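Below: the structure, in structure tokens.
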Amino acid sequence: MAEEFLLECRLDQPAVLSGRSADVYSLVTIKPNPVRLGALMESGQGSSLPAHLIVLVDVSGSMLTLIEPDSNTKVVGRSMVEWIMMSEVEATVPSRRAVAVNVVRHLVERMAPIDRMTLIGFDDQPHTLARALAKGPQLDDAVRELIDVGGGGTSLSKAFGEVRKILSRSGTGTASETETQRIVLLTDGEDSDPDLALREAKQLGEDFHLPICAFGTGDSRADFLLEVCRTTLGGSFDNIRNEREAEDCFQRFFTGQKNILATNVSLKLWLSPEIFVRELYRTKPEVLYVGDMQPDSGNSVDIPLEYMERGKIYELLFRSTVPARDAGRLRLAKATLTYDVPGLGVTGGRVEANIAVESTPDENRTLVRTGDVRRVITQAETQRQVLFLQGKRDLIERGQATAKDKDIVAKLLEALIKKFEEQGDQANLNMYRQMQSEFQTKGLITQEMMNRSLAASSKVEGAIALQEVDDF
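Residue numbers (my numbering): 2 to 473.
Structure representation (structure tokens):
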């Protein structure tokens, strides 16, 4: 019987020169097999699993900040918020908290009778407002409580800790056979202990296989939220700058949640001991730079994808260094995909594929490149560059940047602009020209501009040409 998914493995450079080391990129693509899944995808049966949404809403004092600037604001007082003196204003623009509450309210409206929601507001303490409630008056009351609860500092780690306690006590943390689960995080990303929050997020992923979908509200720390999302590769990030974007984001999220086709999805890579592995990216359905691969003692890396949605292709890209060797073929890796397809009653589905490179003395053969893989590399590298730019931007803001750091920022912005110009990507070109102008006139790039560029870098469209940041 045919497998439910097709596993395709390609290299950007199928052949390398024998006697020399070389870097190669491997692209692993996961596609639904229409022979097995065509009817299921067309009928929409993949949307029948109930959803348990675990919603974490930042209700700290900083969430009272307006979601975007408002020229019509009127200052009506001053107060201390999270140890910072802030102005109290009357405005036509909603606060970050108000937008977050509206997102939750819309999620509740879209829930089916079989769906459930756990709702936790958090500042420096978690405030559990609803535990696995179905749509109804009790859940509506819990959402209304979000308006007034909290107001202190921010501790995302305690919110994640509360989720672990709830799931451990209820015994529902591994109920993926009967329902889908995701954490929905709404926050401005300002946290008292981001390292602890990341450790708690990673523990959640390991214990309960919970993907985290983070929505940054306003001038959030997008780089931190991207790190939170990549604790499992089923996560995603988007930045909400106004009410319209909030509406679009929650619509995409909820549609995806109800279109889940496969659960318990994991990709395992066995890696040849001869190669040196480097960075890993998820490149579809959204781009997520994961970082350097860390094989275990068996030379394997487990990549938890958790869920696959109808109508989407999933891709992972990794780089490895092949040592100098004689002519012949070398198996770089073996990819093994495991999954369940509840709509077909499939449990423990499995498909495998090998990734091999050829060493050859024929230099002409080593010049062949796989164009579509190179385009994926281009897209993946964009996010890494923007994260690199974020680090330099933070040094400048703290007054710790050297003249060389500032020169790197200027050159990187110029390189990004040039590449977007060559590709005719007007939206990204305008954004980076604005960043460049801001840097030239003020000596700093605002966090809001960094957030926009990081959010754009997660989208598959609008790639730039490959450029190593270390070259500057």
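We put the beta carbon where it would ideally sit given N, CA and C, even for glycine.
Since this is a predicted model, take the numbers as computed values, not measurements.
Check whether residue i and residue j have beta carbons under 8 Å apart
{"i": "D124", "j": "G151", "result": "yes"}
{"i": "L8", "j": "L338", "result": "yes"}
{"i": "Y433", "j": "L445", "result": "no"}
{"i": "V60", "j": "E244", "result": "no"}
{"i": "T322", "j": "S22", "result": "yes"}
{"i": "L205", "j": "V164", "result": "yes"}
{"i": "E297", "j": "Q448", "result": "Checking the sequence shown, residue 297 turns out to be Asp, not Glu. No, Cβ-Cβ distance for D297 and Q448 is not below 8 Å."}
{"i": "R326", "j": "S27", "result": "no"}
{"i": "L186", "j": "F225", "result": "no"}
{"i": "G235", "j": "L306", "result": "yes"}
{"i": "A16", "j": "R366", "result": "yes"}
{"i": "V109", "j": "L140", "result": "yes"}
{"i": "F440", "j": "A404", "result": "no"}
{"i": "L211", "j": "M118", "result": "no"}
Nearest residue (CA-CA) to residue i, options the options
{"i": "W271", "options": "K32, Y290, A457, Q295", "result": "Q295"}
{"i": "I213", "options": "K203, S221, G219", "result": "K203"}
{"i": "V342", "options": "N265, T403, T371, S298", "result": "N265"}
{"i": "N300", "options": "F277, F225, T367, T284", "result": "F277"}
{"i": "V302", "options": "G62, T403, T233, M436", "result": "T233"}
{"i": "K313", "options": "A325, N260, S438, A328", "result": "N260"}
{"i": "N240", "options": "L18, K405, R453", "result": "R453"}
{"i": "L345", "options": "T188, S237, S438, G39", "result": "G39"}
{"i": "S458", "options": "N365, I378, R170", "result": "I378"}
{"i": "E246", "options": "A456, V17, F6, A16", "result": "A456"}
{"i": "D363", "options": "A328, A334, E248", "result": "A328"}
{"i": "L430", "options": "K443, E207, E415, H53", "result": "E415"}
{"i": "S273", "options": "Q424, R332, Q437", "result": "R332"}
{"i": "Q258", "options": "I31, E191, A113", "result": "A113"}
{"i": "I31", "options": "P95, K419, M309", "result": "M309"}
{"i": "D24", "options": "E275, S237, R399, Q437", "result": "E275"}
{"i": "E1", "options": "I304, G137, R253, R170", "result": "Not covered by the structure: residue 1. The range shown for the chain is 2 to 473."}
{"i": "E191", "options": "L368, V229, K166", "result": "V229"}
Close beta carbons around residue i, own chain, < 6 Å, minus the five adjacent residues each side
{"i": "P51", "result": "I115, D116, E180"}
{"i": "V29", "result": "C10, L317, A336"}
{"i": "S156", "result": "D125, S193"}
{"i": "L120", "result": "V56, L130, A131, A143"}
{"i": "H107", "result": "F251"}
{"i": "L396", "result": "A402, D406"}
{"i": "F374", "result": "Position check: residue 374 holds Val in this sequence, whereas Phe was assumed. For V374, where only same-chain residues beyond five positions count, the Cβ hits under 6 Å are R11, D13, L28."}
{"i": "F255", "result": "R111"}
{"i": "E359", "result": "A16, R330"}
{"i": "T442", "result": "none"}
{"i": "S177", "result": "Reliability fails at S177, whose pLDDT of 47 lies under 50, so the model's placement of it is uncertain and the value that follows must be treated cautiously. Only T264, N265 meet the Cβ criterion."}
Distance between beta carbons of residue j and residue i, contact taken as under 8 Å
{"i": "M451", "j": "A223", "result": "7 Å"}
{"i": "A354", "j": "R330", "result": "That pair is no contact at about 15 Å."}
{"i": "L268", "j": "F209", "result": "Not quite, the Cβ-Cβ distance comes to about 19 Å (not below 8 Å), so this is no contact."}
{"i": "R311", "j": "L262", "result": "5 Å"}
{"i": "R97", "j": "M64", "result": "5 Å"}
{"i": "G62", "j": "G122", "result": "With 8 Å as the limit, G62 and G122 do not qualify as a contact, their Cβ atoms being about 13 Å apart."}
{"i": "T218", "j": "D189", "result": "5 Å"}
Cβ shell of residue i (< 8 Å), same chain only, five flanking positions each side left out
{"i": "K460", "result": "E287, V288"}
{"i": "V102", "result": "V58, V144, L147, I148"}
{"i": "Y290", "result": "L227, R231, E280, Y282, A381, Q384, R385, L388"}
{"i": "E4", "result": "N34, R37, G350, R351, V352"}
{"i": "G372", "result": "none"}
{"i": "T284", "result": "L28, E316, L317, L318, V377, Q380, A381, V461"}
{"i": "G292", "result": "R231, E280, L281"}
{"i": "A160", "result": "L57, I121, F123, P127"}
{"i": "Q435", "result": "M450"}
Sequence-distant residues of the same chain with beta carbon closer than 7 Å to residue i, five excluded per side
{"i": "S474", "result": "Here the chain has residues from 2 to 473 only, and residue 474 is not among them."}
{"i": "R370", "result": "D13, Q14"}
{"i": "V347", "result": "E5, D341"}
{"i": "F421", "result": "N429, L430, Y433, I465"}
{"i": "T66", "result": "S96, R97, G219"}
{"i": "A334", "result": "S27, L270, W271, L272, S273, I356"}
The ligand ZN heavy atom lying under 7 Å from the CB of residue i
{"i": "N429", "result": "With respect to small molecules bound, the structure shown includes none, and the ligand ZN cannot be examined in it."}
(message) Threshold first: 3 residues or longer. Then list the beta strand (DSSP E) segments lying entirely within the region 318 to 385, N to C.
(response) 329 to 342, 347 to 361
(request) Report the residue ranges of all alpha helix (DSSP H) runs contained in full by the region 216 to 242; include only those spanning at least 4 residues, in chain order. (result) 223 to 230
(request) At 3 residues or longer, and completely inside the region 238 to 296: list those beta strand (DSSP E) runs for me, N to C. (result) 261 to 272, 277 to 285, 289 to 293
(request) Only counting runs of 4 or more residues, tell me where the alpha helix (DSSP H) segments fall wholly within the region 122 to 163, in order along the chain. (result) 138 to 146
(request) Kindly provide the ranges of any beta strand (DSSP E) runs that are 3 or more residues long and lie completely inside the region 19 to 44, ordered along the chain. (result) 23 to 33
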